[in-house]
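Residue numbers (this note's numbering): 18 to 331. Here the structure is laid out as structure tokens; the discussion comes afterwards.
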């Protein structure tokens, strides 16, 4: 069965809302909502196909777009490759040129809509930012919380409260304060034993690679309304992350780092190969920062994660 190559768009309006279209009842996966787009023709670039499809379907002309995520999915009757781009600027007023209903939706509300199964990773990518802050592990509570507050005020939307000492009860106290600081402003990812999951119902959880290897066969430990992530370093760990149905991962180290000087870096080429075999959003980590964000996008990543590169001067 030949895999159908589709160009799709996460179209973001000036207010941050995302444009959805409803598939006709007569179409494959009919009646469900989707991110607009269509089939890439032979000898056509993805960018050209996207521009053509959005002109035909919505009557808009794309002016600014970038790669967001690639998703391969096998339905019983069809195999698809969704080549998804984020469209952040366009001209024209979107309308259902083919009679399809349209809806502008806040990212947090995407989970209220029913999509084809292949779209689940796109929904996650559309809701996630391009930068993932990991807090330093060597700060006392007061300066760490001051820095976290400053980072959130500066626009950081996704934070991992790093836990270098595992079961440390001081981490739990810190987590309570971090939950309060992030409430309504940023997604907070905590770390630690799964026994703590029920104590922080508003937070997501970022698993270590050791936890991933230990628990992958047991399935997802969190409901879908909470973010679940994992630290990955190889194709094997990415496969376990997919088995566990995580929402996103960090992939590291891309380049040499001060934190882990002995770790063998993947390099940009290998990181790109690993990303393109994986169906979830990936944040690249290790020797990268805001300056590498666009290069990360070009490799197929959601964005970049880091400690020093994102931590504000306090």
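Just so it is clear, CB atoms sit at the ideal spot from N, CA and C, and this is done for glycine as well.
- When rounded, the separation of the alpha-carbon atoms in residue 127 and residue 185 is 36 Å.
- DSSP places residue 212 in no alpha helix (DSSP H); its state is neither H nor E.
- Per DSSP, reduced to three states, the secondary structure at residue 149 is strand.
- Beta-bridge partners of residue 92 (DSSP): 95.
- Rounded to whole angstroms, the Cβ separation of residue 266 and residue 255 is 7 Å, and the two are in contact under 8 Å.
- When DSSP reads this structure, residue 177 sits in a beta bridge with 151 and 206.
- In the three-state reduction of the DSSP assignment, residue 316 falls in the helix class.
- Per DSSP, residue 120 is one residue of the beta strand (DSSP E) stretching across 119-122.
- Rounded to whole angstroms, residue 101 and residue 293 show a C-alpha spacing of 12 Å.
- Residue range 54-56 is occupied by the beta strand (DSSP E) that includes residue 56.
- The beta carbons of residue 262 and residue 237 sit closer together than 8 Å.
- Your pair residue 229 and residue 271 does not check out as a contact, with CB atoms roughly 19 Å apart and the cut at 8 Å.
- When the beta-carbon positions are compared, residue 327 and residue 173 come within less than 8 Å of each other.
- Taking a cut-off of 8 Å for Cβ pairs, the region 216-236 and the region 108-128 do not touch, as fewer than three such pairs fall below it.
- By the beta-carbon neighbour count (other beta carbons within 10 angstroms, threshold 16), residue 129 is exposed.
- DSSP places residue 29 within a strand segment (E or B) once states are collapsed to three.
- For residue 265, DSSP records a beta bridge to 246.
- With the rule of 3 Cβ pairs closer than 8 Å, the region 143-160 counts as touching the region 313-323.
- Using a Cβ distance threshold of 8 Å, residue 205 and residue 215 do not count as a contacting pair.
- Contact between residue 74 and residue 55 holds, since their C-beta atoms are separated by about 7 Å, short of 8 Å.
- Contact annotation, residue 139 with residue 63: C-beta distance approximately 15 Å; criterion of less than 8 Å not satisfied.
- Taken through DSSP and simplified to helix, strand or coil, residue 285 comes out as helix.
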